[in-house]
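Colleague: Right, I'll just put the structure down here and ask away after.
Numbering (the working numbering), first residue to last: 187 to 371.
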């Protein structure tokens, strides 16, 4: 049995679950999320927790067991507490500015980049306009938006300039050096 899949998912207070025809709908204080799981798997609610079970030991069912449990657990966490991802802008003149629900990024290009927030995503600017916090209830959507913004100017290895995750380590390279003067006369 899957080590991840067999773990029960505890339901925090204020979170309601409805399971109908393979559609799991989870409502909480921050919003509502739905997921349609594969046939052969079953999501049951039992004494304050959710349990994911499977019908058979086929390879596909075993693979989907842990995945389904992880996705449902992320939905429960998202509607209860939410997810966030922090991006740091490193570089001279690299700034982020809030424009309504969207952001304006200055990343060293000849033009500013206007990034619109997808539905369910909120932006917050921290610090001296060099830190962006991306918040939402859907873990996948938060990660996707963070990856898109990071891809606009990835951190480079020589000076470390660019957009990076807050907990990301950028391995630095040594720059070019002048050759020895032994060959010059």
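Heads up, the beta-carbon is just placed ideally off N, CA and C, and yes, glycines get one too.
Just so we're clear, the structure is a prediction, and the values are computed from it rather than from any experiment.
#1: Could you check whether the Cβ of residue 199 sits closer than 8 Å to any Cβ belonging to chain C?
#2: May I ask you to report which of helix, strand or coil DSSP gives residue 364?
#3: Taking the C-alpha atoms as reference points, what is the distance between residue 195 and residue 283?
#4: For the region 287-355, list the beta strand (DSSP E) runs that are entirely contained and at least 3 residues long, ordered along the chain.
#5: Leaving aside the five residues before and after residue 190 along the sequence, list all residues of the same chain whose C-beta is less than 7 Å from its C-beta, in chain order.
#6: Extract the residue ranges of the beta strand (DSSP E) inside the region 213-267, only unbroken runs of 3 or more that lie entirely within it.
#7: Could you check what DSSP says for residue 208 in three-state terms: helix, strand or coil?
#8: Do residue 294 and residue 216 come within 8 Å of each other at the CB atom, strictly closer than that value?
#9: Residue range of the beta strand (DSSP E) that residue 282 falls in?
#10: When we look at the beta-carbon of residue 322 and count the other beta-carbons within 10 Å, is it buried (16 or more) or exposed?
#11: Near residue 211, which residues of its chain fall below 6 Å by C-beta distance, leaving aside the five closest residues on each side in sequence?
#12: If you measure between the beta carbons of residue 299 and residue 341, is that distance less than 8 Å?
#13: Secondary structure at residue 193, three-state DSSP: helix, strand or coil?
Modeller: From the atom records:
#1: Checking the listed chains, one finds no chain C in this structure; it contains a single protein chain.
#2: DSSP places residue 364 in coil when its eight states are reduced to three.
#3: Approximately 38 Å between the Cα atoms of the pair.
#4: List check, beta strand (DSSP E) in window: 288-292, 299-301, 307-312, 317-322 and 348-351.
#5: Only 252, 255 and 256 meet the Cβ criterion.
#6: Along the length of the region 213-267, whole beta strand (DSSP E) runs at least 3 residues long occupy 217-222, 227-232 and 235-240, reported in chain order.
#7: Coil, per DSSP.
#8: Taking the C-beta atoms as reference points, residue 294 is found no nearer than 8 Å to residue 216.
#9: First-last of the beta strand (DSSP E) with residue 282: 281-285.
#10: Buried: at least 16 other Cβ atoms inside 10 Å.
#11: Hits under 6 Å: 204 and 220.
#12: Going by C-beta atoms, residue 299 is not nearer than 8 Å to residue 341.
#13: Here residue 193 sits in coil by DSSP.
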